[in-house]
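What follows is a set of notes on a single structure, which appears directly below.
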Amino acid sequence: MPSETPYEITPTTRYDDPYCRPTTVRQPVILPVDVPPGVDWVTLPNGVRTLAYTHPTQTPTAPTAASQSIPAWAKTTALLAPTVGGGIAAAGIGLSYAAPGLIAMSHALWSAAALVVAALIAVPALLRTARRTTGSGGASGSSTHITQNITETGLFGRANGTINHR
């Protein structure tokens, strides 16, 4: 069913054609003070200037991270990290070159430790054997016994003692 318009509306003035405009158009004068916030003059695509609601523009805010300075501990850590890493790498390379020498030194250290332990066990055994064979005091198999007797009288008395050589 086609849509029928009972009557046609025709404006008396066409604003899109500049030659058809009436010569006297009375428009109200609005001062900039009278314009409320959020309303501004806009130009429509057909060239007519009118008041319209506009979106408020956001004022760009300065980023807060840019205003803060970097802490001193972070700078120090950032500067020391490559240095420490380089030192560890150099130590690893040095140890890899020194590995054969370190292995030889560890074998030498174990040999020296074994020699010290053997000396600590062998020297007293040798001295004991040598003392038995030579004897002390000239007579073989005899030894001198020393006995000591100490006596004292009273709580703060003087102590007397005797030493007996047999």
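With the working numbering applied, the sequence shown closes on residue 836, and no number is skipped along the way.
All residues carry an ideal CB built from backbone N, CA and C; glycine is no exception.
Bridge partners - HIS835, DSSP secondary structure assignment:
DSSP output for HIS835 lists ILE816 as bridge partner(s).
Would you kindly report the start and end of the unbroken alpha helix (DSSP H) that includes VAL787?
Start and end: 742-804.
Just the Cα atoms here: how many angstroms apart are PRO834 and HIS815?
First, the amino acid is wrong: residue 834 is Asn here, not Pro. Their backbone Cα atoms lie some 8 Å apart in a straight line.
In this structure, does DSSP put ASN830 in helix, strand or coil?
Three-state result, ASN830: strand.
Quick check on the DSSP output: the beta strand (DSSP E) that includes ASP863 runs from which residue to which?
Nothing about residue 863 can be reported from this structure: the residues present for the chain run from 671 to 836 only.
Cα-Cα separation, THR753 to TRP743:
Rounded to the nearest angstrom, the two C-alpha atoms are 15 Å apart.
State the DSSP-derived secondary structure class of LEU701, mapped to helix, strand or coil.
In the three-state DSSP reduction, LEU701 falls in the coil class, being neither helix nor strand.
Return the residue from the list LEU721, ALA759, SER739 and ALA792 that minimises the CA-CA distance to ASP704.
Of the candidates LEU721, ALA759, SER739 and ALA792, the one whose C-alpha sits nearest the C-alpha of ASP704 is LEU721.
May I have the straight-line CA-CA distance separating ALA759 from LEU749, to the nearest angstrom?
Approximately 17 Å between the Cα atoms of the pair.
Taking Cβ to Cβ, would you say VAL712 is nearer than 7 Å to TYR723?
No, Cβ-Cβ distance for VAL712 and TYR723 is not below 7 Å.
Per the DSSP calculation, THR731 is bridged to which residue(s)?
Note: THR731 sits in no beta bridge, so no partner.
Which of helix, strand or coil DSSP assigns to THR823:
If DSSP states are grouped into helix, strand and coil, THR823 belongs with coil.
Let me check one thing: in DSSP terms, what residues is THR724 bridge-paired to?
THR724 is not bridged to any residue.
Separation of SER739 from LEU772, as counted between CA atoms:
A direct Cα-Cα distance of roughly 49 Å separates LEU772 from SER739.
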